[in-house]
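K.L.:
Have a look at this one.
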Amino acid sequence: MLEKLLKQYLKNLTNTFQRGDAREESYYTNLEELIKNIAVILKVNNIDVTILPKKTEAGNPDFRIWDGKNHITGYIEAKDPSVSNLDYIEGTEQLKRYCSTFPNVILTNLYEFRLYRDGQRIAQVMIGRPMIGRQLRTPPPVENSGQFKDLFESFFSFSLPKVRSARSLAVELAKRTRFLRDEVIAVEMEEEGTKGQKQIIGFYETFKKYLIRTLTEKQFADLYAQTITYGLFAARTRANGEFNRRLAFDYIPNTIGILRDVFRFISLEDPPKSLQIIVEDIAELLHVTDVKKILHEYHSTGKGKDPIIHFYETFLSTYDPEIRERRGVYYTPEAVVGYIVRSIHSILKTHFGLSDGLASPEVKLLDPAGGTLTFPAAAINLAAKEYIKKYGEGGLHHWIKKHILPDFYAFELMMAPYAIGHLKIGFILDELN
5 MLEKLLKQYL KNLTNTFQRG DAREESYYTN LEELIKNIAV ILKVNNIDVT
55 ILPKKTEAGN PDFRIWDGKN HITGYIEAKD PSVSNLDYIE GTEQLKRYCS
105 TFPNVILTNL YEFRLYRDGQ RIAQVMIGRP MIGRQLRTPP PVENSGQFKD
155 LFESFFSFSL PKVRSARSLA VELAKRTRFL RDEVIAVEME EEGTKGQKQI
205 IGFYETFKKY LIRTLTEKQF ADLYAQTITY GLFAARTRAN GEFNRRLAFD
255 YIPNTIGILR DVFRFISLED PPKSLQIIVE DIAELLHVTD VKKILHEYHS
305 TGKGKDPIIH FYETFLSTYD PEIRERRGVY YTPEAVVGYI VRSIHSILKT
355 HFGLSDGLAS PEVKLLDPAG GTLTFPAAAI NLAAKEYIKK YGEGGLHHWI
405 KKHILPDFYA FELMMAPYAI GHLKIGFILD ELN
């Protein structure tokens, strides 16, 4: 049955070529049909093959494959059969970008297929000689059908492994956010050259008007990509069970208004397809990750290192090391934070006559470069302990509403630590009921 399928496929390729006007896209239907048929032979049910729009050479891969449970299986990048040197394509920035972002990728010129897992080529097979079809104008004989079957069995069997550590999740998010940033830049350039609706440029102009007046389009793409990634991250911490791009809006905390505005568009409206694709990939990664366990384990037990460090330092060192250096993004060790916060608490008592220290209603606190809010978080915890020690837990809820929420402030320029800081304070407030 497989031999017959491949024989028909090679015949279809030859027929497409003989029309005389065939471009790379002309062969997509042949390949789509092959993928669906090999899935049937391998008893992989209900797969969905999506041909992706690619306005620029740096855009998305050509095909995305979903399994029958709405989870992404992998991506396929197809080249014209005239591209005989896949070794050269393998070394291009485009393919390196795909393979470093997506863990399950096939590269093909429709006759040769190469499978990459986490950036490493793990299988390749030639099912026919393209020269025979192009020069002799006859379908080439089928070759290596068994290896072809093995390659696609491996491709279809892939599922994203569960990410179990904060470091690993931060690295995977950073790779995809970098890809998303480049897509936002491509959409900006495309919208500037057209007269139609300019969705992303509209967001850029709004951000520039109300948030950062000196914002460039490139800086906006960076900010917007991080906003989406950490919006999805924030939403995932509140979601139980199924999670995807469209469900994300329901879980964005009301306290983070800027995220809700962005996600109203990303989740509920119709963003450009090229953005949908990578956003859905990020959502899929978060879906298979127990984000709450990674974060709550530390905050509930106090054991080990604060995982937030990875969504700050590790994320930025992978995503954009230069911006990390330029902005001085370094996580202050907890021991140092604790010493400074305890010192301020003590000085407020001994030098300023405030017997409750940070818990005193007269105190207003500002962190002008808040990062992930490590200092305010430590200050809230210390102030709460002081209050409970002196007044018990009975009035704690009222005290938080009247003192902590209106009197503790922070500023932060970068979106990743901004969103993570909100999550951190949210965990603390949860613990304080």
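Under my numbering, think of the first position of the sequence shown as 5, with each following residue one higher. In this text, a Cβ means the ideal position worked out from N, Cα and C, and glycines have one as well. What you are looking at is a predicted structure, and each value in this text was computed from that prediction instead of being measured.
1) Looking only at its own chain, which residues have a Cβ that is under 6 Å from the Cβ of residue 260, when we skip the five neighbours before and after it?
2) According to DSSP, which residues form a beta bridge with residue 129?
3) Since residue 81 is in the beta strand (DSSP E), which residue starts that stretch and which ends it?
4) So, using beta-carbon positions, are residue 362 and residue 383 closer together than 8 Å?
5) Which two residues bound the contiguous beta strand (DSSP E) that contains residue 371?
6) Using CA atoms only, rank isn't needed, just tell me which of 219, 273, 386 and 18 is closest to residue 346.
7) Between the stretch 276-292 and the stretch 235-246, are three or more C-beta pairs nearer than 8 Å?
8) State buried or exposed for residue 418, treating a residue as buried only when at least 16 other CB atoms are found within 10 Å of its CB.
9) Three Cβ pairs or more, each shorter than 8 Å: is that satisfied between the stretch 402-421 and the stretch 314-324?
10) Within 8 Å, do at least three Cβ pairs link the stretch 366-384 to the stretch 183-195?
11) For residue 416, which residues from the same chain have a beta carbon less than 6 Å from its beta carbon, with the 5 sequence-adjacent residues on both sides left out?
12) May I ask you to list the residues that DSSP assigns as paired with residue 69?
13) Work out the CA separation of residue 269 and residue 15 for me, nearest whole Å.
14) Compute the beta-carbon to beta-carbon distance between residue 77 and residue 162, rounded to the nearest angstrom, for a pair I have assumed lies under 8 Å.
15) In angstroms with no decimal places, state the Cα-to-Cα distance between residue 13 and residue 34.
16) With a 10 Å radius around its C-beta and 16 neighbouring C-beta atoms as the bar for buried, classify residue 64 as buried or exposed.
17) Touch check for the stretch 267-286 and the stretch 134-149: three-plus C-beta pairs under 8 Å?
18) For the pair the stretch 277-289 and the stretch 386-398, tell me if three or more CB-CB distances fall below 8 Å.
19) Provide the residue span of the beta strand (DSSP E) that contains residue 189, from first to last.
20) Is it a yes or a no for the stretch 176-188 touching the stretch 230-240, going by three-plus beta-carbon pairs under 8 Å?
21) Where do the N-terminal and C-terminal ends of the beta strand (DSSP E) with residue 413 fall, by residue?
22) Secondary structure at residue 89, three-state DSSP: helix, strand or coil?
23) Keeping to the same chain, check which residues put their C-beta closer than 6 Å to that of residue 38; ignore five residues upstream and five downstream.
24) In three-state terms, what does DSSP make of residue 35?
25) Could you check what DSSP says for residue 216 in three-state terms: helix, strand or coil?
26) Count the other CB atoms, across all protein chains shown, that sit within 10 Å of the CB of residue 228; report buried if there are 16 or more and exposed otherwise.
27) Assuming residue 413 and residue 400 make a contact with CB atoms under 8 Å, what is their CB distance in whole Å?
28) Judging by CA-CA distance, which residue of 66, 327 and 274 is the nearest neighbour of residue 223?
29) Apply the 10 Å Cβ neighbour rule to residue 108 and answer buried if 16 or more other Cβ atoms are within range, or exposed otherwise.
30) When you compare each of 92, 359 and 88 to residue 393 by their alpha carbons, which one comes out closest?
31) Counting only the same chain and skipping the five closest in sequence on each side, list residues whose C-beta sits under 8 Å from that of residue 350.
32) Express the C-alpha separation of residue 42 and residue 83 in angstroms, rounding to a whole number.
33) Measure how close the beta-carbons of residue 117 and residue 152 come, nearest whole angstrom, since I'm counting them as under 8 Å.
34) Any idea if residue 356 is buried or exposed, counting beta-carbon neighbours within 10 angstroms, 16 or more meaning buried?
35) For residue 216, count neighbouring C-beta atoms within 10 Å of its own C-beta (all shown protein chains included) and say buried if the count is 16 or more, exposed if not.
36) Considering only the beta carbon of each residue, do residue 157 and residue 46 sit closer than 8 Å?
P.N.:
Well, looking at it:
1) Along the sequence shown, one-based indexing puts residue 260 at 256. Exclusion of the five residues before and after residue 260 leaves 426 as the residues of its chain whose Cβ lies within less than 6 Å of its Cβ.
2) As a working note, residue 129 is residue 125 in the sequence shown. Answer is 117, bridged to residue 129.
3) The residue given as residue 81 occupies position 77 in the sequence shown. First-last of the beta strand (DSSP E) with residue 81: 76-82.
4) Counting from one through the sequence shown, the residue named residue 362 turns up at place 358. Counting from one through the sequence shown, the residue named residue 383 turns up at place 379. The answer is yes: Cβ separation under 8 Å.
5) For this step, residue 371 is matched to residue 367 along the sequence shown. Its beta strand (DSSP E) spans residues 369-371.
6) Against the sequence shown, residue 346 aligns to sequence position 342. It is 386 whose Cα lies nearest to the Cα of residue 346.
7) They touch, by the three-pair rule.
8) Locating residue 418 in the sequence shown gives position 414, where the first residue counts as 1. Looking at its Cβ environment, which holds 16 or more other Cβ atoms inside 10 Å, residue 418 is buried.
9) At 8 Å Cβ cutoff, the stretches touch.
10) Because the criterion of three Cβ pairs below 8 Å is not met, the stretch 183-195 and the stretch 366-384 do not touch.
11) Start at 1 with the first residue of the sequence shown, and residue 416 comes out as number 412. Setting aside the 5 residues that flank it on each side, residue 416 is surrounded in the same chain by 374 and 422, each with a C-beta closer than 6 Å to its C-beta; the list follows chain order.
12) Your numbering for residue 69 matches position 65 in the sequence shown. In the DSSP output, where bridge partners are listed per residue, residue 69 has 53 and 78.
13) Position 11 of the sequence shown, counted from the start, is the residue given in the question as residue 15. Position 265 of the sequence shown, counted from the start, is the residue given in the question as residue 269. So the two alpha carbons sit approximately 45 Å from each other.
14) As a first step, residue 77 is located in the sequence shown; it is residue number 73 there, counting from the start. As a first step, residue 162 is located in the sequence shown; it is residue number 158 there, counting from the start. Here residue 77 really is in contact with residue 162; their C-beta atoms are around 6 Å apart, less than 8 Å.
15) Position 9 of the sequence shown, counted from the start, is the residue given in the question as residue 13. Position 30 of the sequence shown, counted from the start, is the residue given in the question as residue 34. The straight-line gap from Cα to Cα measures roughly 7 Å.
16) As a working mapping, residue 64 is identified with position 60 in the sequence shown. Flag for residue 64 reads buried.
17) No, the stretch 267-286 does not touch the stretch 134-149.
18) No: fewer than three Cβ pairs fall under 8 Å.
19) As a working mapping, residue 189 is identified with position 185 in the sequence shown. No beta strand (DSSP E) holds residue 189; the alpha helix (DSSP H) holding it covers 170-196.
20) Contact between the stretch 176-188 and the stretch 230-240 is present, because at least three Cβ pairs lie under 8 Å.
21) Sequence index remark: in the sequence shown, residue 413 carries index 409 (1-based). Here the beta strand (DSSP E) through residue 413 covers 412-414.
22) In the sequence shown, the residue the question calls residue 89 occupies position 85. It is coil, neither helix nor strand.
23) Walking along the sequence shown from the start, residue 38 turns up at place 34. Answer for residue 38: 13, listed in chain order.
24) Here residue 35 refers to the residue found at position 31 when the sequence shown is read from its first residue. DSSP, read as helix, strand or coil, puts residue 35 in helix.
25) Residue numbering aside, residue 216 sits at position 212 when the sequence shown is read from its first letter. Looking at residue 216 - three-state DSSP - the assignment turns out to be coil, as it is neither helix nor strand.
26) On the sequence shown, residue 228 is found 224 positions in, with the first residue counted as 1. With 16 or more Cβ atoms within 10 Å of its Cβ, residue 228 is classed as buried.
27) Stepping through the sequence shown from its first residue, residue 413 is reached at position 409. Stepping through the sequence shown from its first residue, residue 400 is reached at position 396. With a Cβ gap of about 21 Å, residue 413 and residue 400 do not count as contacting.
28) Locating residue 223 in the sequence shown gives position 219, counting from the first residue. Here the closest residue by C-alpha is 327.
29) Taking the first residue of the sequence shown as position 1, residue 108 is located at position 104. Buried, since its Cβ has 16 or more Cβ neighbours within 10 Å.
30) Taking the first residue of the sequence shown as 1, we reach residue 393 at position 389. Considering only alpha carbons, the answer is 359.
31) Residue 350 sits at position 346 when you count from the first residue of the sequence shown. So the list reads 361, once near-sequence residues are dropped.
32) Within the sequence shown, the letter at position 79 stands for residue 83. Within the sequence shown, the letter at position 38 stands for residue 42. One C-alpha to the other measures close to 20 Å.
33) Reading the sequence shown from its first residue, position 113 is the one you call residue 117. Reading the sequence shown from its first residue, position 148 is the one you call residue 152. Residue 117 to residue 152, Cβ: 7 Å. Contact.
34) Along the sequence shown, read from residue 1 onward, the residue named residue 356 stands at position 352. By the neighbour-count rule (16 or more Cβ atoms within 10 Å), residue 356 is not buried but exposed.
35) Here residue 216 corresponds to residue number 212 of the sequence shown, with the count starting at 1. Classification for residue 216: exposed.
36) Taking the first residue of the sequence shown as position 1, residue 157 is located at position 153. Taking the first residue of the sequence shown as position 1, residue 46 is located at position 42. The answer is yes: Cβ separation under 8 Å.
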